[in-house]
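*Asks:*
There are 2 protein chains.
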Amino acid sequence: MISEGEMMKKYDEMSRQELEALKEELSKAYIDAKGKGLKLNMARGLPSKQQLDMEKDFFDTITSDSELISESGVDCRNYGDLIGISEARKLMADFMGIPADNVIVFGNSSLNIMYDTVCRSMIHGVCGSTPWCKLDKVKFLCPVPGYDRHFAVTEQFGIEMINIPLNEDGPDMELVAKYVENDASVKGIWCVPKFSNPCGVVYSDEVVKKLASLKPAAEDFRIFWDNAYALHYIYDEKPELLEILSECAKAGNEDMVYEFCSTSKVTYPGSGIAAIGTSKKNLDFIKSIITIQTIGYDKINQLRHVRYFKNIDGIYAHMEKHAAILKPKFELVDTKLTEELEGLGIGKWTKPMGGYFVSFDSLPGCAKEIVAKCKDCGVTLTGAGATYPYKKDPNDSNIRIAPTFPPIEELSQALDIFTLCVKLTSVEKLLAQ
Amino acid sequence: MISEGEMMKKYDEMSRQELEALKEELSKAYIDAKGKGLKLNMARGLPSKQQLDMEKDFFDTITSDSELISESGVDCRNYGDLIGISEARKLMADFMGIPADNVIVFGNSSLNIMYDTVCRSMIHGVCGSTPWCKLDKVKFLCPVPGYDRHFAVTEQFGIEMINIPLNEDGPDMELVAKYVENDASVKGIWCVPKFSNPCGVVYSDEVVKKLASLKPAAEDFRIFWDNAYALHYIYDEKPELLEILSECAKAGNEDMVYEFCSTSKVTYPGSGIAAIGTSKKNLDFIKSIITIQTIGYDKINQLRHVRYFKNIDGIYAHMEKHAAILKPKFELVDTKLTEELEGLGIGKWTKPMGGYFVSFDSLPGCAKEIVAKCKDCGVTLTGAGATYPYKKDPNDSNIRIAPTFPPIEELSQALDIFTLCVKLTSVEKLLAQ
Numbered sequence: 001m002i003s004e005g006e007m008m009k010k011y012d013e014m015s016r017q018e019l020e021a022l023k024e025e026l027s028k029a030y031i032d033a034k035g036k037g038l039k040l041n042m043a044r045g046l047p048s049k050q051q052l053d054m055e056k057d058f059f060d061t062i063t064s065d066s067e068l069i070s071e072s073g074v075d076c077r078n079y080g081d082l083i084g085i086s087e088a089r090k091l092m093a094d095f096m097g098i099p100a101d102n103v104i105v106f107g108n109s110s111l112n113i114m115y116d117t118v119c120r121s122m123i124h125g126v127c128g129s130t131p132w133c134k135l136d137k138v139k140f141l142c143p144v145p146g147y148d149r150h151f152a153v154t155e156q157f158g159i160e161m162i163n164i165p166l167n168e169d170g171p172d173m174e175l176v177a178k179y180v181e182n183d184a185s186v187k188g189i190w191c192v193p194k195f196s197n198p199c200g201v202v203y204s205d206e207v208v209k210k211l212a213s214l215k216p217a218a219e220d221f222r223i224f225w226d227n228a229y230a231l232h233y234i235y236d237e238k239p240e241l242l243e244i245l246s247e248c249a250k251a252g253n254e255d256m257v258y259e260f261c262s263t264s265k266v267t268y269p270g271s272g273i274a275a276i277g278t279s280k281k282n283l284d285f286i287k288s289i290i291t292i293q294t295i296g297y298d299k300i301n302q303l304r305h306v307r308y309f310k311n312i313d314g315i316y317a318h319m320e321k322h323a324a325i326l327k328p329k330f331e332l333v334d335t336k337l338t339e340e341l342e343g344l345g346i347g348k349w350t351k352p353m354g355g356y357f358v359s360f361d362s363l364p365g366c367a368k369e370i371v372a373k374c375k376d377c378g379v380t381l382t383g384a385g386a387t388y389p390y391k392k393d394p395n396d397s398n399i400r401i402a403p404t405f406p407p408i409e410e411l412s413q414a415l416d417i418f419t420l421c422v423k424l425t426s427v428e429k430l431l432a433q
Numbered sequence: 001m002i003s004e005g006e007m008m009k010k011y012d013e014m015s016r017q018e019l020e021a022l023k024e025e026l027s028k029a030y031i032d033a034k035g036k037g038l039k040l041n042m043a044r045g046l047p048s049k050q051q052l053d054m055e056k057d058f059f060d061t062i063t064s065d066s067e068l069i070s071e072s073g074v075d076c077r078n079y080g081d082l083i084g085i086s087e088a089r090k091l092m093a094d095f096m097g098i099p100a101d102n103v104i105v106f107g108n109s110s111l112n113i114m115y116d117t118v119c120r121s122m123i124h125g126v127c128g129s130t131p132w133c134k135l136d137k138v139k140f141l142c143p144v145p146g147y148d149r150h151f152a153v154t155e156q157f158g159i160e161m162i163n164i165p166l167n168e169d170g171p172d173m174e175l176v177a178k179y180v181e182n183d184a185s186v187k188g189i190w191c192v193p194k195f196s197n198p199c200g201v202v203y204s205d206e207v208v209k210k211l212a213s214l215k216p217a218a219e220d221f222r223i224f225w226d227n228a229y230a231l232h233y234i235y236d237e238k239p240e241l242l243e244i245l246s247e248c249a250k251a252g253n254e255d256m257v258y259e260f261c262s263t264s265k266v267t268y269p270g271s272g273i274a275a276i277g278t279s280k281k282n283l284d285f286i287k288s289i290i291t292i293q294t295i296g297y298d299k300i301n302q303l304r305h306v307r308y309f310k311n312i313d314g315i316y317a318h319m320e321k322h323a324a325i326l327k328p329k330f331e332l333v334d335t336k337l338t339e340e341l342e343g344l345g346i347g348k349w350t351k352p353m354g355g356y357f358v359s360f361d362s363l364p365g366c367a368k369e370i371v372a373k374c375k376d377c378g379v380t381l382t383g384a385g386a387t388y389p390y391k392k393d394p395n396d397s398n399i400r401i402a403p404t405f406p407p408i409e410e411l412s413q414a415l416d417i418f419t420l421c422v423k424l425t426s427v428e429k430l431l432a433q
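Protein sequence lines, in the order shown, are assigned to chains A and B.
This note's numbering puts the first residue of the first sequence at 1, with every later residue one more than the last.
This note's numbering puts the first residue of the second sequence at 1, with every later residue one more than the last.
Set out below in structure tokens:
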């Protein structure tokens, strides 16, 4: 709909007249789009129906014929085994690349574990430290753009969040060290170290080592290492992440990290299993608290997962099938954005090697309006600002694109709307300057 | 082993000489018992293997052929539906005899919901009240003997627990009213209103009405109504419990109660589903907090339960089969205790119509020693004192007998040891006076 000549010219190099003409053209397309009555969703990181349909035999793993005794002789149908059956601890340990002794397998949600971990620290402190709720001020570092649900947790507990720029190799470590090593009220940092949400960043070895060798002012400072996408590759290229528990131990900071993971985006969201990996001391403290919170988690579902996958190689193979579904979607995003926006100087985006998101940065001050315009055309995006603490993106420019859920045809339509709205909003912005 | 004449004579009417002779005889039997190397457990309220083996086809309910869409069109394999799928809310509502709109279905553990409900109140208060962790003092009323895990929750949060005698129709309501209506630091009461743990008491209609019409000094006072054994009858006689939510509403106390239940002792401990039933206002507040804690609970397992039972009648029929397994065990306990202890004046016990426990009261000052002696003979009982807050039974007399788990032969052996240890301890006690 836009001619080739216009495509190639940077918007900020256009004359006012050119911009006015472009605006008129784009506005017509926008009105057309609004008229179509679309209802498309690129908002959340949901697996697609195609993916969920893929290996239904998961549900045939446990049947009336199954022997439901764990390897260590526990009847998985009865109470007990608070920290998870041994074979599930092993599977999730292999998921994280750490020893099984460092793992507790919980229920269905790693977010729930993270929430409870913050909550536990509020009420009981960390391994004997002062409960955070008794302190005047508790702060968390938040690499940005980041995961909205992390920020929502710390916000709910009244924890002050500090933005840390996320670079291509991980958080700005100079700034992280400045805060962590000088301010004892800084108690945590949220990290999605591999295929970060939404930027797709994989923390470099150097960043992991720097994190592991921090010298925190607070003894109860902890790294919240949400390894949600540990095995969620899209292409054949599989970037590696340095294993942080052993790095922390090497640096004399054995107790400084909690690692979280789950099979929510391996088997089924809501019906997966989730785990924490951390030091013996942290585990013992967590056990001493959760033994009052519950009698145990769903061991049948733990067994179902172990018997279905057999071992970590089973999960690797399974994730290859996911990748085959995700790859064309991520390629389509990049193709569409490149076709429509490249060279215009009105947006840049990531090309992640894994995870669930593409991160888009518009011209400053445009993200909210782009999301609103998309909404008017029936395309739901994650709310602008969601990728920042308190939903405040200082530049109003970051938008999280979640291409995993919609079928490819719908994704294509949604991306057409998106690029149109980016263009129109950008023109309006430039004209208003 | 004890002659008929001795059997009938009350221990405290025996001469010192008679007691000495009896002690010698019992001591021999006790040494014999210790030598047997038994390993029996009457400690915890676990379902038996026989019960768990009973309806294995539960695990065939969801298979690769199943359509996993809920009645309201939600794909149970994906994220969403925080408060539970509608049909599971209905099932658990019928379980409690309340409307589905008043229900949230959670994960696998009602204890976990109770813990989180106390925790939430500590951090966030109750529907806008001051967070309990900001108050100098928070108190809970604890009808005793009661459930050790309830007391452990309030103890962990530093909540002061006040013993309330549990009568045959429920807690001493005069005392409850005195505390609740005059002390604003009293924020809750733990109740197991039907087949209470361990006494098997069913609260009378009068007690329920009195509870429902309390006029609490604290606006954030709540009744924690753990209806764990709502459908867990042993005999054909099925005592009814008045439905407390509607009683509270009638009395103008709509928001004063949280009801908890689960299928842990209906299907499988750890792999069941659990729910809360409460007022709309409470539900909305809970939702506003848990929406940050998790994205949702295990909807597949919710669906599995609904599809297996079809409706509440399916659960009723299922529980009849449990009763058939439990009945001979509870009858054996009563028979053994009657045969060995009746008329001796050294113990009394309950004959519950439902639930999982028999409550035994020894002579004052004997419970710990009885449990210790049983342990020496290889019979594990719930720790003496466990049925009281802080594990402090002021009379050292209450012992919880849990007959559900052991096979009937083992239960019989364990009861022989138990009655022997009751006798020997009682004689020793009387001789020491």
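No residue lacks a Cβ here, since even glycine has one placed at the ideal position from N, Cα and C.
Remember, it's a predicted structure, so these values are computed and weren't measured experimentally.
State yes or no: is the beta carbon of residue 413 of chain B nearer than 8 angstroms to at least one beta carbon in chain A?
*Replies:* no
*Asks:* If you draw a straight line from the alpha carbon of residue 104 of chain B to that of residue 279 of chain B, how long is it in whole angstroms?
*Replies:* 11 angstroms
*Asks:* Strictly under 8 angstroms for the Cβ-Cβ distance: is residue 372 of chain A near chain B by that measure?
*Replies:* no
*Asks:* Measure the C-alpha to C-alpha separation of residue 40 of chain B and residue 411 of chain B and round it to an integer number of angstroms.
*Replies:* 8 angstroms
*Asks:* Can you grab the Cα-Cα spacing for the pair residue 140 of chain A / residue 316 of chain B, in whole Å?
*Replies:* 50 angstroms
*Asks:* Can you pull out the residues from the stretch 267 to 298 of chain B whose beta carbon lies closer than 8 angstroms to at least one beta carbon of chain A?
*Replies:* 268, 269, 270, 271, 289, 292, 293, 294, 295, 296, 297 and 298
*Asks:* What separation, rounded to the nearest whole angstrom, lies between the Cα atoms of residue 266 of chain B and residue 320 of chain A?
*Replies:* 39 angstroms
*Asks:* Check each candidate in A:400, A:326 and A:303 and name the one with the smallest Cα separation from residue 69 of chain A.
*Replies:* A:303
*Asks:* Would a check of beta-carbon distances place residue 1 of chain A closer than 8 angstroms to chain B?
*Replies:* Legend: pLDDT at residue 1 of chain A = 44, less than 50; position of this residue unreliable, no value from coordinates given.
*Asks:* Determine the DSSP secondary structure at residue 214 of chain B, reduced to helix, strand or coil.
*Replies:* Per DSSP, reduced to three states, the secondary structure at residue 214 of chain B is coil, with no helix or strand assignment.
*Asks:* Between residue 131 of chain A and residue 96 of chain A, what straight-line distance do the alpha-carbon atoms span, to the nearest angstrom?
*Replies:* Roughly 29 angstroms between the two C-alpha positions.
*Asks:* Quick check: what's the CA-CA separation for residue 312 of chain A versus residue 91 of chain A?
*Replies:* 6 angstroms
*Asks:* Residues bridged to residue 359 of chain A by DSSP?
*Replies:* In the DSSP output, where bridge partners are listed per residue, residue 359 of chain A has A:400.
*Asks:* Alpha carbon to alpha carbon, what distance is there between residue 13 of chain B and residue 326 of chain B?
*Replies:* 37 angstroms
*Asks:* Using C-beta distances below 6 angstroms, list every residue in its chain close to residue 421 of chain A, excluding the 5 sequence neighbours before and after it, in chain order.
*Replies:* 370, 373 and 374
*Asks:* Answer yes or no: do residue 260 of chain A and residue 301 of chain A have a C-beta to C-beta separation smaller than 8 angstroms?
*Replies:* no
*Asks:* Residue 437 of chain B bridges to which residues according to DSSP?
*Replies:* What the structure shows of chain B is the stretch from 1 to 433, and residue 437 of chain B is not part of that stretch, so it cannot be assessed.
*Asks:* Please confirm if the stretch 273 to 289 of chain A is in contact with the stretch 237 to 254 of chain A, defined as three or more CB-CB distances below 8 angstroms between the two stretches.
*Replies:* yes
*Asks:* Would you call residue 53 of chain B buried or exposed, if buried means 16 or more other Cβ atoms sit within 10 Å of its Cβ?
*Replies:* With fewer than 16 other Cβ atoms inside 10 Å of its own Cβ, residue 53 of chain B counts as exposed.
*Asks:* Taking only beta-carbon positions, decide if residue 56 of chain A is within less than 8 angstroms of chain B.
*Replies:* yes
*Asks:* Less than 8 angstroms separating the beta-carbons of residue 437 of chain B and residue 45 of chain B?
*Replies:* The requested residue 437 of chain B is not part of the displayed model; chain B covers only 1 to 433.
*Asks:* In its own chain, which residues sit with a C-beta less than 7 angstroms from the C-beta of residue 418 of chain A, not counting the 5 before and 5 after it?
*Replies:* 374 and 379
*Asks:* If you compare alpha carbons, which of B:138, B:284, B:288 and B:401 is closest to residue 156 of chain B?
*Replies:* B:138
*Asks:* Name, in chain order, the residues that DSSP records as bridge partners for residue 349 of chain A.
*Replies:* Bridge partners of residue 349 of chain A according to DSSP: A:360.
*Asks:* DSSP puts residue 275 of chain A in a beta bridge; with which residues?
*Replies:* A:105 and A:261
*Asks:* Is DSSP giving residue 149 of chain B helix, strand or coil here?
*Replies:* Helix at residue 149 of chain B.
*Asks:* Tell me, please, which residues DSSP counts as bridged to residue 160 of chain B.
*Replies:* B:139
*Asks:* Buried or exposed: residue 210 of chain B, going by 16 or more other Cβ atoms within 10 Å of its Cβ?
*Replies:* buried
*Asks:* Within the 8 angstroms Cβ cut-off, does residue 85 of chain A reach chain B?
*Replies:* Chain B, which has no Cβ nearer than 8 angstroms to the Cβ of residue 85 of chain A, makes this no.
*Asks:* Can you give me the C-alpha to C-alpha distance between residue 237 of chain A and residue 204 of chain A, rounded to a whole angstrom?
*Replies:* 16 angstroms
*Asks:* Which one of B:428, B:215 and B:392 has the shortest CA to CA distance from residue 162 of chain B?
*Replies:* B:392
*Asks:* The stretch 71 to 97 of chain A: which residues have C-beta closer than 9 angstroms to a C-beta of chain B, in chain order?
*Replies:* Of all residues in the stretch 71 to 97 of chain A, 75, 76, 77, 78, 79, 80 and 81 have a Cβ within less than 9 angstroms of some Cβ in chain B.
*Asks:* In whole angstroms, what is the alpha-carbon distance linking residue 5 of chain A and residue 359 of chain A?
*Replies:* Its pLDDT being 46, under 50, residue 5 of chain A is placed unreliably in this model, and the value from its coordinates should be taken loosely. Cα to Cα, residue 5 of chain A sits roughly 27 angstroms from residue 359 of chain A.
*Asks:* Please check if any C-beta of chain A sits within less than 8 angstroms of the C-beta of residue 195 of chain B.
*Replies:* no
*Asks:* Skipping 5 residues on each side, what residues in its chain have a beta carbon closer than 7 angstroms to that of residue 364 of chain B?
*Replies:* 395, 396 and 397
*Asks:* With a threshold of 8 angstroms between beta-carbons, can residue 121 of chain A be considered close to chain B, or not?
*Replies:* By the rule that beta-carbons nearer than 8 angstroms mark a contact, residue 121 of chain A does not touch chain B.
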